[in-house]
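Per this note's numbering, the very first residue in the sequence shown carries number 7; after that it's consecutive.
What follows is a short report on a single structure.
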Amino acid sequence: MSRPIKLPVKPRLKVWFELDGEYAFGFGLCEILRVIRETGSIKAAAAQIRKSYRHVWGRLKEAETILGRPLVQSRVGGRQDHRSELTAEAEQMLDGFLSLRTTMQSVLEAEFQKCFGEHQSVTE
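Here you go:
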């Protein structure tokens with residue numbers, strides 16, 4: 007006879023954008039852009055998310071190539087450390103992605119509750 011095992015089961019969701027079947031934008035790039043917006047610096051963003059500058063720079067350039075547009079504008083000698091800012095397109099993608107992800111997570115949680123309610127168990 008099988009017995010139910012109670013688990014704190016939670017639904018999870020992964021969202022990304024593709025262009026012509028190629029990965030273009032997801033949560034990792036979203037975090038990079040969010041922190042660049044916050045710090046005004048690619049270098050500071052890399053440090054904050056604990057990635058190398060080379061990794062962050064490469065990820066930005068890869069996405070810009072796939073999307074066919076710049077995401078970050080950098081200036082030499084910008085005021086203090088604020089030398090980089092998001093383009094209008096990057097701002098729109100970042101805000102839209104975060105909004106879509108939040109909405110999708112809310113819908114997922116509501117549907118999960120409807121389907122499973124309090125009976126979140128697995129039979130052994």
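The C-beta atom is built at its ideal place from N, Cα and C for all residues, glycine as well.
Where do the N-terminal and C-terminal ends of the beta strand (DSSP E) with residue i fall, by residue?
i, result
"Leu25", "22 to 25"
Could you spell out where the alpha helix (DSSP H) holding residue i opens and where it closes?
i, result
"Leu106", "94 to 122"
"Gly64", "59 to 73"
"Val82", "Note, Val82: premise wrong, no alpha helix (DSSP H); not H, not E."
"Gly32", "Unbroken run through Gly32 is the beta strand (DSSP E), 28 to 32; no alpha helix (DSSP H)."
"Lys16", "Premise fails: Lys16 is in no alpha helix (DSSP H) and is neither H nor E."
"Ile131", "Look at the range of the chain in this structure, 7 to 130, and you will see that residue 131 is not part of it."
So residue i and residue j are in contact, right, with Cβ under 8 Å, and what is the actual spacing, rounded?
i, j, result
"Ile55", "Ile38", "7 Å"
"Ile42", "Leu92", "6 Å"
"Ser58", "Ala52", "6 Å"
Identify which residue in the options has its Cα closest to the Cα of residue i.
i, options, result
"Ser47", "Arg89, Asp101, Gln111", "Arg89"
"Thr109", "Pro14, Val15, Lys20", "Lys20"
"Thr45", "Pro14, Ser80, Pro17", "Ser80"
"Arg75", "Ala96, Lys120, Pro14", "Ala96"
"Cys36", "Arg60, Val78, Asp26, Gly27", "Val78"
Looking only at its own chain, which residues have a Cβ that is under 7 Å from the Cβ of residue i, when we skip the five neighbours before and after it?
i, result
"Tyr29", "Trp22"
"Arg40", "Leu100"
Within a Cβ cutoff of 8 Å, which residues of the same chain sit near residue i, ignoring the five residues on either side of it in sequence?
i, result
"Phe31", "Trp22, Phe23, Ala69, Leu73, Met99, Phe103"
"Gly34", "Arg65"
Answer yes or no: does any C-beta atom of chain B fall closer than 9 Å to that of residue i?
i, result
"Tyr29", "No chain B appears in the structure shown, which is made up of a single protein chain."
Please list, in chain order, all residues of the same chain as residue i whose beta carbon is under 6 Å from its beta carbon, the five residues on each side excluded.
i, result
"Glu117", "none"
Does the stretch 114 to 125 come within contact of the stretch 61 to 68, defined as at least 3 CB pairs closer than 8 Å? no
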